[in-house]
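K.L.:
Quick one: structure below, then a few questions.
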Amino acid sequence: DIESRNLKVVVYAQSSKERTSTWAQDFWLRSIDAKGRAFGMAIKPDDHTEEEIRGETAHQALVQKLVQEEGQAELDADWSNSHDGFRHSSFEHIVQAHDFTFINFFAGWCGHCQQFAPLWAAIAQKVNGDENTPSMKFKDRDAEERSVRMIKMNCVDFAEVCHQQGIDAYPTLRMYKADGTFSVYEGKRDEAEIIRWIERLLKMKSYGWSKDHETFEKGCNAKGRLVVPRVPGHLELMMGGGDQNLNTRMTNVSHFVRHLSFSDPNDGKFHRKTWAGMPRDVVRHTAPIDGTAFITGGAHQTWIHDMKVVSTVSSSGLVAYQFHHTRRLSSVAEDVVPQVQFFFDMEPFSIHIRNDDKRWYEFATSLMAIMGGCFVVMRLMTGISNTALASLRSLLPRGGSSGGSALYVKGRYD
């Protein structure tokens, strides 16, 4: 569930964190949703239903009840820390008490959160309003004015709430509706962009909203080529290289390898030119982990891949690369973001494939050897048959008394 914004592909020297210069690279990253499909498609809003009208009436009654029980100040307060004088007893009540609640899930130690904090405060001042300034109003899909409450949530002091909401990176910005469904803001952290997003979002009925945070979990499809020196090193899918700090407890680095192979740079874009001249067994070992899923069993785990690469030269001089793959599931410290690593080592020898033609006299010799073997087998079978018949004859009586019977065995033997 690592998004493209939080993934980088880098190559390091073997057994070190010294980055290896790549001579060329053609890599691109594309976000996918929880089902592996491209994320994002607009849906035309529908008209109100009687159920929605009844729900709106019930919501207004619930808001009045919550205000009477907990007070408006409690429902509007930031969850900045656990010692700010507010009870912070129910996250659900905070969401239910507003038409829309825009929440900034942050951590005090997060550098990105610290940089974003002044901008968030400025936007919140305008949207929430104060004693001297009214709050901003946004029109929904029916042109009715709605208010949005901006609240920040400290995921260090209120870690359990953030864990229940599935927060795995900081800062995470979510817009909640009163029914508990939410949408995630993933745009640029800019005041104008955020305000435009709020305006667009409130006009949507169903698309982009969900109660389950798994709906918004996205992965990343990394595809392309890297040209690296012919020296040992390792390819690393580096998590946390974007504009968010990842929650190490929630970081899942399970991955599915669609294709991974080694080839010469001049072997064509899809490196099939060399493979066409190789035996089937060789081709099978050029990409042995294609179509394999590597699933982590829990938090703070990662996969380490080791590959021994051997160059293989065909009879026509084309070079392909076989590799032997081993893997291990490794545990990392709780404060470390797990990284997927592919270690590769070029073996100092090469395998040469040679096709030898069989000469005519070698063919004749082989044919005669086969015929001679068949003759020997036939002679052995004949000897065994003769021996068995002779033994059977010796067990039978040669003559017979009265009332007896005689059995005659007639045969021809060579």
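Letter by letter, the sequence shown follows residues 61 to 474 of the numbering used here.
Ideal Cβ positions, reconstructed from N, Cα and C, are used throughout, including at glycine.
1. What would DSSP say about N305, mapped onto helix, strand or coil?
2. Which runs of the beta strand (DSSP E) at least 3 residues long sit entirely within the region 335-381? Give them in chain order.
3. Which whole-angstrom value is the C-beta distance of L179 and R249, which I expect to be below 8 Å?
4. Three Cβ pairs or more, each shorter than 8 Å: is that satisfied between the region 202-210 and the region 144-153?
5. How about F218 and W139: do their beta carbons lie closer than 8 Å?
6. Where are the alpha helix (DSSP H) runs, 4 residues long or more, that stay fully inside the region 130-216, in chain order?
7. Could you check how far apart the C-beta atoms of S314 and T352 are, in whole angstroms? I think they sit under 8 Å.
8. A102 to R318, Cα distance in whole Å?
9. Kindly list the residues whose CB is nearer than 6 Å to the CB of H384, restricted to its own chain and excluding five residues on each side of it in sequence; keep chain order.
10. Nearest to L262 by alpha carbon, out of V370, P231, F160?
11. When we look at the beta-carbon of W420 and count the other beta-carbons within 10 Å, is it buried (16 or more) or exposed?
12. Should N307 be counted as a contact of the ligand SAM given a C-beta to heavy atom distance under 7 Å?
13. Enumerate in chain order the residues of its own chain whose CB-to-CB distance from G337 is below 6 Å, with the five nearest sequence positions on each side excluded.
14. On a Cα-Cα basis, can you pick out the residue from V187, H172, G189, R260 that is closest to P231?
15. Would you call the region 396-407 in contact with the region 302-311, where contact means no fewer than 3 C-beta pairs closer than 8 Å?
16. Looking only at its chain, what residues have a beta carbon closer than 8 Å to the beta carbon of R206, apart from the 5 residues adjacent to it on each side?
17. Quick one: measure Cβ to Cβ for L135 and A157, integer angstroms, because I've assumed they're closer than 8 Å.
18. Given this structure, state the Cα-to-Cα distance separating V71 from W363, to the nearest angstrom.
19. For H108, which residues from the same chain have a beta carbon less than 8 Å from its beta carbon, with the 5 sequence-adjacent residues on both sides left out?
20. In chain order, what residues of the same chain lie with their CB nearer than 7 Å to the CB of S195, ignoring the 5 residues before and after it?
21. Would you please state the rounded distance, in angstroms, between the beta carbons of A167 and C215? I believe it to be under 8 Å.
22. Helix, strand or coil for E110, going by three-state DSSP, please let me know.
23. Can you tell which of D366, V370, I413 has the C-alpha that lies nearest to the C-alpha of R387?
P.N.:
Taking the coordinates as given:
1. Counted from its first residue, the sequence shown places residue 305 at position 245. In the structure shown, N305 sits in a strand (DSSP, three-state: E or B).
2. 352-354, 361-373
3. What you label residue 179 is simply residue 119 of the sequence shown in a count that begins at 1. What you label residue 249 is simply residue 189 of the sequence shown in a count that begins at 1. That pair is a contact at about 6 Å.
4. no
5. Position 158 of the sequence shown, counted from the start, is the residue given in the question as residue 218. Position 79 of the sequence shown, counted from the start, is the residue given in the question as residue 139. Yes, Cβ-Cβ distance for F218 and W139 is below 8 Å.
6. 132-136, 151-156, 171-188
7. The residue you call residue 314 lines up with position 254 of the sequence shown. The residue you call residue 352 lines up with position 292 of the sequence shown. No, S314 and T352 are not in contact; Cβ-Cβ is about 12 Å, not under 8 Å.
8. In the sequence shown, the residue the question calls residue 102 occupies position 42. In the sequence shown, the residue the question calls residue 318 occupies position 258. Residue placement at A102 cannot be trusted, given a pLDDT of 32 that sits under 50; the coordinates are not used to answer.
9. Locating residue 384 in the sequence shown gives position 324, where the first residue counts as 1. The answer, listed in chain order, is K368.
10. In the sequence shown, the residue the question calls residue 262 occupies position 202. Ranking V370, P231, F160 by Cα distance to L262 puts F160 first.
11. The sequence position of residue 420 within the sequence shown is 360, counting from 1. So W420 counts as exposed.
12. For the ligand SAM, the structure offers nothing, since it holds no ligand at all.
13. Looking up residue 337 in the sequence shown gives position 277. The answer, listed in chain order, is S374, S376, L378.
14. Counting from one through the sequence shown, the residue named residue 231 turns up at place 171. Ranking the options by Cα distance to P231, first place goes to H172.
15. With three or more CB-CB distances shorter than 8 Å, the region 396-407 counts as touching the region 302-311.
16. To locate residue 206, count along the sequence shown from 1; it is residue 146. D159, F160, K197, F198, K199, D200, L262.
17. For the purposes of this step, residue 135 is taken as residue 75 along the sequence shown, with counting starting at 1. For the purposes of this step, residue 157 is taken as residue 97 along the sequence shown, with counting starting at 1. That pair is a contact at about 4 Å.
18. Taking the sequence shown and counting its residues from 1, the one referred to as residue 71 is at position 11. Taking the sequence shown and counting its residues from 1, the one referred to as residue 363 is at position 303. Looking at the two C-alpha atoms, the distance is approximately 16 Å.
19. Reading the sequence shown from its first residue, position 48 is the one you call residue 108. Only weak support is given to the placement of H108: the predicted model assigns it a pLDDT of 43, under 50, and the question is left unresolved by the model.
20. On the sequence shown, residue 195 is found 135 positions in, with the first residue counted as 1. So the qualifying residues of the chain are V187, N188, G189, S207.
21. Looking up residue 167 in the sequence shown gives position 107. Looking up residue 215 in the sequence shown gives position 155. Contact holds; Cβ gap of about 5 Å.
22. Taking the sequence shown and counting its residues from 1, one reaches residue 110 at position 50. With a pLDDT of only 47 at E110, under 50, the local geometry of the prediction cannot be trusted, and the value read off the model is given with reservation. E110: helix per DSSP, three-state reduction.
23. For this step, residue 387 is matched to residue 327 along the sequence shown. It is D366.
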